[in-house]
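Numbering of the sequence shown is given in my numbering, commencing with residue 214 and proceeding in unit increments. Backbone N, C-alpha and C define an ideal beta-carbon position, used for all residues, glycine too. The structure appears right after this line, and notes come after that.
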Amino acid sequence: MGVATARTVSLFGATGHLIDVQVDIAHGVVATALVGRPDASISEARDRCHSAVVNSEFSWPSTKRVTVLLSPADLPKSGPHFDLAIAVAVLAADGTVPPQALEKVVFVGELTLDGRLRSVPGVLPMTMAARARGITCVVVPEPQADEASMVPGMAVIGVRSLRQVVAHLRDEEIPHAPPVEPLTSASLLSWRGDRRIGELDMADVLGMADARYALEVAAAGGHHLMLSGPKGAGKTTLAERVPGLLPDLGLEESLELTAIYSLSGGLPPGQTMITRPPFRAPHHSASRASLLGGGTGRVRPGEVSRAHHGCLFLDEFPLFNADIIEALRQPLESGEVTIVRGEEAATFPARTMVLIACNPCPCGDYHPSHRDNRCTCTELRRREYRRKLSGPIIDRVDITRHVEPVPPHEARDPLARPEGSAAIRARVTAARERQAERYAGTPWRLNADVPGPALLRQWPLSEPATRTLENRVYGGGLTRRGATRVHRLAWTVADLRELDRPDGDEVDVALRLRLGDPLMLGSTVPAR
Ligand SMILES: Nc1ncnc2c1ncn2[C@@H]1O[C@H](COP(=O)(O)OP(=O)(O)OP(=O)(O)O)[C@@H](O)[C@H]1O
Ligand SMILES: [Mg+2]
Ligand SMILES: [Zn+2]
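What follows is the structure, given as structure tokens:
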């Protein structure tokens with residue numbers, strides 16, 4: 214009697230798969246069957262679609278047998294956004310709209326019983342998945358048209374009701390419909406946004422030459438950084454300024470990141486693409502689900518994914534739960550996080566720079582060498598606290614830097630004009646371009662991404678530099694893994710100095726960065 218296929222996308226984490234919704238209308242037992250592993254949210258679609266079609270004054274083939282087949286059959290499918298594709302496929306199979314109008318179109322949207330559309334989360338990653346499969350047009354709830362339009366080369370049709378969708382497919386005049394409610398999302402309210410971070414400038418940070426340089430190197434090579442120091446030394450002040458040192462996101466990076474926020478509950482209407490690197494600072498009491506992803510109902514991306522292409526700041530690091538720290542290891546190694554629930558696995562990207570801050574003791578006042586040591590902690594608690602500073606994440610930190618409060622004479626120096634973030638960002642950007650050029654054709658972009666063996670084979674140090682490093686390893690001051698990290702850092706130092714290859718001096722600076730020794734900037738960093 215009639216067959217038609219409409220398409221939509223099913224999401225697993227941030228990965229989308231194209232789903233064919235094939236409707237077959239035939240004589241037989243009057244019923245609507247839904248096959249192909251729909252979950253409960255899609256099973257309810259049958260009733261919603263039926264009401265929406267009838268209440269939009271179209272006919273539903275109610276004297277026939279309607280079979281809705283979702284394929285590929287082996288993928289689990291979920292979400293109320295299947296409604297629109299199912300309704301449109303039924304209308305096409307029944308002859309209300311021409312079936313060929315559904316070719317190369319993806320339909321996304323939940324239907325209300327009276328035939329209006331509802332916004333759904335994840336429109337951006339769905340549109341990205343559609344584009345990757347050669348689809349050139351998406352139909353989405355009107356408030357989400359901006360979000361879908363971020364994907365280059367995609368024609369986007371924003372609609373308010375099923376009747377408007379049918380009018381588009383029949384090339385008719387679009388009937389009026391009341392506006393669709395945008396998605397409101399509590400999770401987006403915690404997003405600190407570009408502006409807040411953009412306002413924070415290195416020009417406000419007095420003194421701290423060593424720490425400033427450490428931040429610059431971390432930003433240039435994408436290295437993880439640990440700042441330690443007593444209360445009020447400026448650790449948070451420094452860490453919050455790291456995203457300001459990073460260049461704007463490229464188009465693909467921007468899309469990936471915005472897709473993650475789209476999944477967290479949709480972007481507010483009018484929200485443009487996220488183009489600046491994010492800065493996320495979860496509290497040490499954060500749950501595993503909020504940090505890594507998960508939660509009840511739909512699996513949501515966690516802080517480590519919201520920090521994708523930006524910074525994850527773990528302030529008061531020793532107070533984080535040890536299990537959670539352990540669980541962060543996988544995303545930090547692979548650049549993505551996989552959450553398994555039942556037979557479903559959701560994968561989200563999570564390539565981020567980790568910034569860690571810690572105090573010398575729980576009260577934060579321990580100055581072993583000072584006369585005014587006001588620490589009130591017992592030796593046992595101090596040791597307990599410091600013991601947390603070993604383990605899987607700390608092992609992966611490339612740069613450690615101890616900071617002390619800036620002495621008053623430096624803080625009050627009327628001639629001090631600290632360099633601003635824009636100037637540092639320009640050097641970081643140039644250094645990143647050198648890396649991108651060097652690693653062109655590989656999966657890596659930054660020095661921090663390159664695995665040890667590839668580094669040794671393809672991008673070795675100079676002869677004398679290798680000797681300097683080897684001597685440190687034989688002398689017992691450095692592990693083999695530490696040496697690889699120094700090797701990567703030396704490349705970043707060389708990239709910032711616009712050198713073709715790191716030499717002994719770059720290795721020396723890298724060693725100091727790694728081991729937390731003073732940098733002696735006057736002698737080792739050339740004048741700029
Ligand atoms: N080098 C600096 N230049 C300008 N202001 C600074 C500097 N260091 C610290 N401050 C100021 O001192 C205050 C405390 O700094 P901050 O919060 O960064 O310290 P912290 O090391 O994170 O301390 P805590 O261990 O308590 O978290 C902030 O208001 C900050 O602006
Ligand atoms: Mg702080
Ligand atoms: Zn203390």
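Proximal residues to residue i (C-beta, below 6 Å), its chain only, five neighbours per side dropped
| i | result |
| --- | --- |
| V301 | A219 and F320 |
| S362 | V369 |
| G420 | V619 and E623 |
| F225 | A559 |
| R344 | V364 and M367 |
| R594 | P575 |
| E557 | P289 |
| T613 | M439 and G729 |
Distance cut-off 7 Å: residue i Cβ against heavy atoms of ligand 3
| i | result |
| --- | --- |
| D578 | yes |
| T642 | no |
Contact test: residue i Cβ vs ligand 2 heavy atom, cutoff 7 Å
| i | result |
| --- | --- |
| A570 | yes |
| D528 | yes |
| T449 | yes |
Distance between residue j and residue i (C-alpha atoms, nearest Å)
| i | j | result |
| --- | --- | --- |
| P620 | G604 | 33 Å |
| A707 | A427 | 14 Å |
| R409 | G633 | At R409 the pLDDT is 45, less than 50, meaning the model places this residue with poor confidence; the figure from the coordinates comes in the next sentence. So the two alpha carbons sit approximately 16 Å from each other. |
| V242 | R250 | 22 Å |
| E549 | D662 | 13 Å |
| A653 | W273 | 56 Å |
| T340 | H521 | 19 Å |
| V517 | H381 | 41 Å |
| R329 | V353 | 12 Å |
| D384 | P311 | 10 Å |
| E257 | V234 | 15 Å |
| A472 | R519 | 10 Å |
| A723 | V430 | 9 Å |
| A246 | L283 | 11 Å |
| R599 | V641 | 32 Å |
| R693 | V281 | 59 Å |
| L532 | L375 | 52 Å |
| G371 | V393 | 10 Å |
| R454 | C350 | 40 Å |
| V686 | G695 | 9 Å |
| P356 | L326 | 19 Å |
| L468 | M486 | 7 Å |
| H437 | D536 | 20 Å |
| A315 | A649 | One point to set straight first is that residue 315 is Leu, not Ala, in the sequence displayed. Looking at the two C-alpha atoms, the distance is approximately 41 Å. |
| G508 | G229 | 20 Å |
| G729 | Y474 | 36 Å |
| L231 | P715 | 47 Å |
| E465 | R658 | 13 Å |
| S291 | R346 | 20 Å |
| A639 | Q313 | 52 Å |
| A227 | R554 | 15 Å |
Cut-off 7 Å between Cβ atoms - residues of its own chain near residue i, not counting five sequence neighbours on either side
| i | result |
| --- | --- |
| V720 | L674, A678, T681, L682, V699 and A703 |
| R405 | Confidence at R405 is low in this model, with a pLDDT of 40, below 50, so the placement of that residue is unreliable and no value is reported for it. |
Any non-hydrogen atom of ligand 1 closer than 7 Å to residue i Cβ
| i | result |
| --- | --- |
| G604 | no |
| M439 | no |
| A427 | no |
| G445 | yes |
| G420 | yes |
| V619 | yes |
| G633 | no |
| D626 | no |
Cβ separation of residue i and residue j, assumed to be a contact under 8 Å, to the nearest whole Å
| i | j | result |
| --- | --- | --- |
| P544 | A570 | Not really, about 20 Å apart at Cβ, beyond 8 Å. |
| F295 | I255 | 5 Å |
| V610 | G447 | Actually they are not in contact, since the Cβ atoms of V610 and G447 sit about 19 Å apart, beyond 8 Å. |
| G506 | P514 | 5 Å |
| T565 | C524 | 7 Å |
| G717 | T697 | Contact doesn't hold; Cβ gap of about 18 Å is too wide. |
| A452 | L568 | 5 Å |
| P289 | E323 | Incorrect: roughly 19 Å between the Cβ atoms, too far for contact. |
Contacts around residue i, its chain only, beta-carbon distance under 8 Å, and the 5 residues preceding and following it disregarded
| i | result |
| --- | --- |
| P731 | D423 and R725 |
| N586 | D578, Y579 and H580 |
| S503 | P495, G515 and E516 |
Proximity test, residue i beta-carbon vs ligand 4 heavy atom, cut-off 7 Å
| i | result |
| --- | --- |
| P251 | Here the bound small molecules are ligand 1, ligand 2 and ligand 3; ligand 4 is not part of this structure. |
Query raised in the report: Is the segment 638 to 652 in contact with the segment 455 to 470, if contact means three or more CB pairs nearer than 8 Å?
Result: Result yes; three or more Cβ-Cβ pairs closer than 8 Å.
Report task. Count the CB pairs spanning the segment 258 to 265 and the segment 331 to 347 that are closer than 8 Å, and state whether there are at least three. Result -> Fewer than three Cβ pairs drawn from the segment 258 to 265 and the segment 331 to 347 lie within less than 8 Å of each other, which leaves the two stretches out of contact.
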